[in-house]
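Read top to bottom, the protein sequences are chains A and B. The first sequence begins at 1 in this note's numbering and counts up one residue at a time. The second sequence begins at 1 in this note's numbering and counts up one residue at a time.
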Amino acid sequence: MGVGTRPLRKPQRRPRLRTAGRRVDLPHRDGIRGARTIEAIAAHGLVKHFNGDVRAVDGIDLSVAEGEIFAFLGANGSGKTTTVRMLTTLLRPTAGSAAVAGFDVLRRASAVRRRIGVALQEAGLDDLQTGRELLSLQARLYEVPAREVAARATHLLRVVDLEDAADRRIKTYSGGMRRRLDLAAALVHRPGVVFLDEPTTGLDPISREAIWRYVGELNRGEGVTFFLTTQYLEEADRLAHNVAIMDRGRIVAEGSPEELKSAIGTDVVTLRIEGGSDELARAEQAVRRFDGVEDVRAVDDAVIVYVREGSAAIARLVLLLDEASLRAREVTLARPTLDDVFLQRTGHHLDAEDRTIEGPAARGQADGTRP
Amino acid sequence: MMRTLLDTYQLTLRALRESARQPALEIGNVFIPMFFFAVTVGAIGNVAGRAFGVDNYTGFQLPVAVLQAVAGASGTAGLGTVTDIERGYFDKLMLTPAPRISLVLGRLCADGVRVMALTILITVVGLIAGSGMKTGPLGVVVLVTMGGVFGLAYSGLGLALALKTGSAQAAQLGFLIFFPLVFLSPAFAPKQVFAPWLQFLATINPVTYIVEGMRALVLDGWDAGSLAGAFGSIAGLGIFTLTLVLLALRSRTA
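Below, the structure written as structure tokens:
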């Protein structure tokens, strides 16, 4: 784990390792003396600056075990793609080190490339080739034996449901088809580690579900390690064993989805306040007087209160507003989501349109330190 | 080494397949050299003997047509690479374990093959028009090879610009740079009739030696000095452009 991080390690879903044809459940990292987890991806102090002053990645430490699905969650411009490009040898880090599949990304870049599959944010395809031609070329460049190339391409086209379009030129493919072909191209050489950079951005719900299903099947069935970046909370919540939240080039929280949500409190009470910004500010001050409050955020026209036992707290919170001559036109109670975690750690919502909504507490999180 | 050759072969096939699927792009590469060949011979051919002692002006112009084919066809590597970069496919290739040099040699070799095909076509037209070939069938083979290797070497310029800038306009600068090089060579008249300043520029212009080497095959016969000068210039140009390409490729991962 990185500097300044308090590991949040309740028992996780056990990563699996294929050893001599057997699946072996690895021990957890905590609680078992001498336990070791094989790292598929490790980074220490990873930094990337552009043109001297743009700090796209500002000190990343991370560790991804074999067989894990690890999600990087963050808004546009938070540094996710830059991190992926460094881990996949497309960019040289400004500082720090990283190893993927046991090989240093700088000193043994070719060895890394041989062992990873990558589907970047833009489905990088050649429109003038057919799907089958592209997969066949990929297979050859990945040193798949010549006698297996055709069969491998056919198999993958079937897996991603592109058999009927296999011999059509890629320029005729829809966005979802292109994304599926890109995923197939990343898997043609059966890599142990796969990087997916926003794999479902821009896809319709059906295509998105299909991608999620493939990822889950490969992880469970083949023990493939996935490192995926996403702006979609649901994607991270559903797929990932562990999630790291990235903001302004730094990891600001890391843990399993359940751990992250539990850490910020058990309930989230949202009070939509009648009136303007003055009323909102007064409402925020009023609810802070409640003893059970763990955190308060003012966002748009709402005060978001993180409390334990929210159902019991609602009445008291409404009363506090009434005492301050304020009224809540809507009150909702919910379990925390990753969006709440994101809001608490970064001071703004994770919004796919990159609309940043800051609350007063955002200023206190400007240093981006991890919990 | 074997890996480099195999991957270069696969990527050359891919680039050639790409060209075959865009035949309209080849029309200009065929038409322009043929047009200038016909027009130049037609305009100057009848007076070339009296003006500067060249009796077989058709044969004299044949190498120039080949060089114009090189100029046109050699931009494909750069433009194709820009397209790959814009679509993200270049990153996909960079992510494979294929040696980095294969990624660029594939494009360059494809351009070389296309120039060789154009050279064959131009030579056939030239022979039909009466250029003759002093060195016979073997001379045709050497001429085609020289054209192909020169095309491969010169393509590196556009490719380097494409890798460095990701710009289609920049990738086509190779085509613009080529024309001054042709006109500053004995493309339309022997060097001996040039003004002193032009003679000097022609002497330091590597294209001069390529023109003279090709011309020797067509008009004079086997001339080791001319051939050495031609292949030496091509080799020097190739080393220069390949160096630029590798530096530009490295800058993409900086």
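Backbone N, C-alpha and C fix where the C-beta goes; we use that ideal spot for every residue, glycine too. The structure presented is a predicted model; accordingly, all values stated were derived computationally and were not measured.
Checklist entry - Who are the Cβ neighbours of A/GLY21 in its own chain at under 7 Å, not counting the five residues just before and after it? => result In this predicted model, A/GLY21 has a pLDDT of only 33, less than 50, meaning its place in the structure is not dependable enough to derive any value.
Next on the checklist: Just to make sure I have the definition right: I need the residues of chain B whose C-beta is within less than 9 Å of the C-beta of A/VAL118. Which are they?
Outcome noted: For A/VAL118, the chain B residues whose C-beta falls within less than 9 Å of its own C-beta are ASP91, LYS92, LEU95, listed in chain order.
Item to check | Other residues of its chain near A/PHE50: CB distance less than 8 Å, five sequence neighbours each side excluded | outcome: Leaving aside the five residues that flank A/PHE50 on each side, the residues in its chain whose CB is nearer than 8 Å to its CB run, in chain order, ALA56.
Checklist entry - Can you name the residues that DSSP bridges to A/GLY376? => result A question about residue 376 of chain A goes unanswered here, because the residues of chain A that appear run from 1 up to 371.
Checklist entry - What's the call for A/LEU239, buried or exposed, on a 16-neighbour Cβ count within 10 Å? => result Classification for A/LEU239: buried.
Checklist entry - Does the pairing of the stretch 80-89 of chain A with the stretch 160-173 of chain A give three or more beta-carbon distances under 8 Å? => result Between the stretch 80-89 of chain A and the stretch 160-173 of chain A there are fewer than three C-beta pairs closer than 8 Å, too few to call the two in contact.
Item to check | Contacts of B/ASP7 in chain A (Cβ-Cβ under 7 Å) | outcome: Think of a sphere of 7 Å around the beta carbon of B/ASP7: the chain A residues whose beta carbon falls inside it are LEU141, in chain order.
Checklist entry - Ordered along the chain, which non-local residues of its own chain (more than five positions away) have a Cβ less than 6 Å from that of A/ARG33? => result Low local confidence applies: a pLDDT of 34 at A/ARG33 is under 50, so the model's placement there is unreliable, with the coordinate-based value given in what follows. So the list is empty, once near-sequence residues are dropped.
Checklist entry - So, is the C-beta of B/ILE239 closer than 9 Å to a C-beta in chain A? => result B/ILE239 is outside the set of residues whose beta carbon lies under 9 Å from a beta carbon in chain A.
Next on the checklist: On the CB-based measure, 16 or more other CB atoms within 10 Å of its CB, does A/ASP30 come out buried or exposed?
Outcome noted: Any answer about A/ASP30 is weak, because its pLDDT of 35 lies below 50 and its placement is not dependable; what the coordinates show is given next. Result: exposed.
Checklist entry - Roughly how many whole angstroms lie between the Cα atoms of B/LEU108 and B/LEU152? => result Their Cα atoms are separated by approximately 5 Å.
Checklist entry - Of the choices A/ARG107, A/ALA95, A/ASP322, whose alpha-carbon is the least far from that of A/LEU46? => result When only C-alpha atoms are compared, the closest one is A/ALA95.
Checklist entry - Given that B/THR165 touches chain A, what residues does it touch there, using C-beta distances under 9 Å? => result Under a criterion of Cβ atoms nearer than 9 Å, no residue of chain A is adjacent to B/THR165; the nearest Cβ is some 16 Å distant.
Item to check | Rounded straight-line distance, which links the Cα of B/VAL66 to that of B/ARG114 | outcome: Answer to the nearest angstrom: the Cα atoms are 12 Å apart.
Next on the checklist: Below 7 Å on C-beta distance, what does B/ARG21 contact in chain A?
Outcome noted: Neighbours of B/ARG21 on chain A, chain order: LEU128.
Checklist entry - Under a three-way DSSP split, which group does A/ASP58 fall into? => result Of the three classes helix, strand and coil, the one that applies to A/ASP58 here is strand, per DSSP.
Item to check | Within-9 Å CB hit, A/ARG132 to chain B | outcome: No, because no Cβ of chain B sits closer than 9 Å to the Cβ of A/ARG132.
Checklist entry - Got a sec, what are the start and stop residues for the beta strand (DSSP E) A/ALA334 sits in? => result 328-334 is the span of the beta strand (DSSP E), which, as asked, contains A/ALA334.
Next on the checklist: Helix, strand or coil for A/ARG36? Go by DSSP, reduced to three states.
Outcome noted: Summary for A/ARG36: the model assigns pLDDT 48, below 50, so the residue's position carries little reliability; its value from the coordinates is reported in the next sentence. In this structure, A/ARG36 counts as coil in the three-state DSSP scheme.
Checklist entry - So, are the CB atoms of A/ILE69 and A/PRO191 less than 9 Å apart? => result Cβ distance not < 9 Å, so A/ILE69 and A/PRO191 don't count as in contact.
Checklist entry - Under 9 Å between C-beta atoms, does B/ASP111 make it to chain A? => result Answer no: the Cβ-Cβ gap between B/ASP111 and chain A never drops below 9 Å.
Next on the checklist: Our contact map puts A/VAL118 next to A/ALA101 with C-beta atoms below 8 Å; I'd like the distance itself, whole angstroms only.
Outcome noted: Going by Cβ atoms, the distance from A/VAL118 to A/ALA101 rounds to 12 Å, so no, they are not a contact pair.
Checklist entry - Can you find a C-beta in chain B that's less than 9 Å from the C-beta of A/ASP167? => result A/ASP167 does not count as touching chain B.
Next on the checklist: Let me see if you follow: with CB-CB separation under 9 Å, is B/LEU11 close to chain A or not?
Outcome noted: At least one CB of chain A lies nearer than 9 Å to the CB of B/LEU11.
Checklist entry - Does A/ARG33 come within less than 9 Å of chain B when only Cβ atoms are used? => result Confidence at A/ARG33 is low in this model, with a pLDDT of 34, below 50, so the placement of that residue is unreliable and no value is reported for it.
Checklist entry - Under a three-way DSSP split, which group does A/ASN242 fall into? => result Correct three-state label for A/ASN242: strand.
Checklist entry - Can A/VAL372 and A/ALA313 be called in contact, C-beta distance under 9 Å? => result Within the shown structure, residues of chain A are numbered from 1 to 371, placing residue 372 of chain A beyond reach of any answer.
Item to check | CB contact check: B/ALA235 to chain A, cutoff 9 Å | outcome: Chain A contact via Cβ: absent.
Next on the checklist: With the cut-off set at 9 Å, would you say B/SER185 and B/ASN205 are in Cβ contact?
Outcome noted: Yes; because the gap between Cβ atoms is below 9 Å, this pair is in contact.
Checklist entry - What are the boundary residues of the beta strand (DSSP E) that A/TYR306 is part of? => result 302-307 is the span of the beta strand (DSSP E), which, as asked, contains A/TYR306.
Item to check | Cβ-based contacts, 8 Å cut-off: residues of the stretch 85-103 of chain A near chain B | outcome: Cβ contacts with chain B: THR88, THR89, LEU90, LEU91, ARG92.
Next on the checklist: For the alpha helix (DSSP H) containing B/PHE175, name the first residue and the last one.
Outcome noted: Segment 173-183, the alpha helix (DSSP H) holding B/PHE175.
Item to check | Listed by chain order, chain A residues near B/ALA81 by CB distance under 8 Å | outcome: First, the amino acid is wrong: residue 81 of chain B is Thr here, not Ala. Contact of B/THR81 with chain A by beta-carbon distance below 8 Å is absent, the smallest such distance being about 12 Å.
Next on the checklist: Taking the beta carbon of B/PHE31 as the centre, do at least 16 other beta carbons fall within 10 Å, making it buried, or is it exposed?
Outcome noted: Per the 10 Å Cβ criterion, exposed.
Checklist entry - DSSP state of B/PHE90, grouped into three classes? => result It is helical.
Item to check | Span of the alpha helix (DSSP H), counted from its first residue to its last, around A/THR154 | outcome: Membership of A/THR154 in the alpha helix (DSSP H) is indicated by the continuous run 146-159.
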